[in-house]
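Trainee: Take the sequence shown: its letters are residues 514 to 668, numbered as in my numbering.
Heads up, the beta-carbon is just placed ideally off N, CA and C, and yes, glycines get one too.
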Amino acid sequence: MKKVKDFMTKKVIYFSPEDTIFKVAEVFAKRKISGAPVLKNGKVVGIISVSDIVKFINMKVKKSFPSMPSLSLLALFLIKSGKDFIEFKKNLKKIADAKIEKFMSKKVIWIEPEASIFDAAYLMQKHDVNRLPVIKNGKLVGIITREDLVRALVD
Numbered sequence: 514m515k516k517v518k519d520f521m522t523k524k525v526i527y528f529s530p531e532d533t534i535f536k537v538a539e540v541f542a543k544r545k546i547s548g549a550p551v552l553k554n555g556k557v558v559g560i561i562s563v564s565d566i567v568k569f570i571n572m573k574v575k576k577s578f579p580s581m582p583s584l585s586l587l588a589l590f591l592i593k594s595g596k597d598f599i600e601f602k603k604n605l606k607k608i609a610d611a612k613i614e615k616f617m618s619k620k621v622i623w624i625e626p627e628a629s630i631f632d633a634a635y636l637m638q639k640h641d642v643n644r645l646p647v648i649k650n651g652k653l654v655g656i657i658t659r660e661d662l663v664r665a666l667v668d
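(1) Got a sec? Which residues, its chain only, sit under 6 Å from residue 518 by beta carbon, not counting five neighbours each side?
(2) Among 567, 649, 645, which residue has its Cα nearest to the Cα of residue 551?
(3) What does residue 559 pair with, by DSSP beta-bridge criteria?
(4) Measure the C-alpha to C-alpha separation of residue 526 and residue 549 and round it to an integer number of angstroms.
(5) Let me check understanding here. Comparing Cα to Cα, which of 667, 559, 668 lies closest to residue 612?
(6) Sort out for me which residues DSSP pairs residue 648 with in a bridge.
(7) Pick helix, strand or coil for residue 520, following the three-state DSSP scheme.
(8) Looking only at its chain, what residues have a beta carbon closer than 7 Å to the beta carbon of residue 528, apart from the 5 residues adjacent to it on each side?
(9) What is the DSSP secondary structure of residue 528, reduced to helix, strand or coil?
(10) Roughly how many angstroms separate the alpha carbons of residue 530 and residue 632, rounded to a whole number?
(11) Just list the residues that DSSP pairs residue 543 with in beta bridges.
(12) Hey, would you say residue 622 sits closer than 9 Å to residue 647, going by beta carbons?
(13) Taking the straight line between their C-alpha atoms, what separation do you get for residue 630 and residue 573?
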C-alpha cells in the first residue's frame with residue numbers, strides 16, 4: 514500500500530506566527546506554493562494559505578473602503594481619484610505588515626507518515642484542505658498536498 518511518507522515533501526517551507534503577510538506572499542510567489550505550516554517552538558500551530566491571505570486583504574480593504582464591492586473596482590476607483598491613493602498606500606502598508614497569526618487557519622488537520630495516501634485523500638476531502646502537515650512523535654517531518662496524491666496515483 515502506498516504511504517504518505519513515500520510521496521510527502523520532506524524539506525518543508527514553514528513560517529512563524531510573527532512573520533508578515535508580505536514575507537509569506539513573497540515566499541509563496543518565489544517558491545510557487547500556495548500554503549505552508551506555521552510553527553511555534555517546533556510545534557505546528559497553524560496553516561497559512563493563499564486563500565487566508567486573500568480573505569484577509571479583502572476584509573481589510575472592505576473596512577477601509579466599505580462602499581467598494583470588489584478589489585478590482587477599488588483599483589479603478591483609485592485610478593480615477595488620486596486623492597485617496599495616499600490613504601490607500603498607508604492601509605496597504607498596514608496590511609503588508611500584518612502578522613500571520615491573526616488570520617492563519619488554527620485548526621490543523623495532520624497525518625502520520627505511515628498512513629496510506631487514501632487516508633490523506635479522505636482527510637483532505639473531509640476537511641476541505643489542500644495540504645496536510647505530516648507529524649511523527651509531535652514533530653513536523655513533511656507535508657503532503659493534493660498534487661502529491663495525484664502523483665501517487667500515477668506512480
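Mentor: So, from the listed chains and residues:
(1) One-based indexing of the sequence shown puts residue 518 at position 5. Contacts found: 626.
(2) Along the sequence shown, one-based indexing puts residue 551 at 38. Taking only the C-alpha atoms, the option nearest residue 551 is 645.
(3) Locating residue 559 in the sequence shown gives position 46, counting from the first residue. Its beta-bridge partners are 551.
(4) For the purposes of this step, residue 526 is taken as the residue at position 13 of the sequence shown. For the purposes of this step, residue 549 is taken as the residue at position 36 of the sequence shown. Straight-line Cα distance between these residues: approximately 6 Å.
(5) Counting from one through the sequence shown, the residue named residue 612 turns up at place 99. Out of 667, 559, 668, 559 has the C-alpha closest to the C-alpha of residue 612.
(6) Counting from 1 along the sequence shown, the entry for residue 648 is found at position 135. According to DSSP, residue 648 bridges with 653.
(7) Counting from 1 along the sequence shown, the entry for residue 520 is found at position 7. Of the three classes helix, strand and coil, the one that applies to residue 520 here is coil, per DSSP.
(8) Within the sequence shown, the letter at position 15 stands for residue 528. So the list reads 537, 549, 551, 561, 613, once near-sequence residues are dropped.
(9) Here residue 528 corresponds to residue number 15 of the sequence shown, with the count starting at 1. Reduced to three states, the DSSP call for residue 528 is strand.
(10) On the sequence shown, residue 530 is found 17 positions in, with the first residue counted as 1. On the sequence shown, residue 632 is found 119 positions in, with the first residue counted as 1. The alpha-carbon atoms of residue 530 and residue 632 are separated by roughly 28 Å.
(11) Indexing the sequence shown from 1 puts residue 543 at position 30. None; residue 543 has no bridge partner.
(12) By one-based count along the sequence shown, residue 622 stands at place 109. By one-based count along the sequence shown, residue 647 stands at place 134. The answer is no: Cβ separation not under 9 Å.
(13) As a first step, residue 630 is located in the sequence shown; it is residue number 117 there, counting from the start. As a first step, residue 573 is located in the sequence shown; it is residue number 60 there, counting from the start. Near 38 Å, if we compare the C-alpha coordinates of residue 573 and residue 630.
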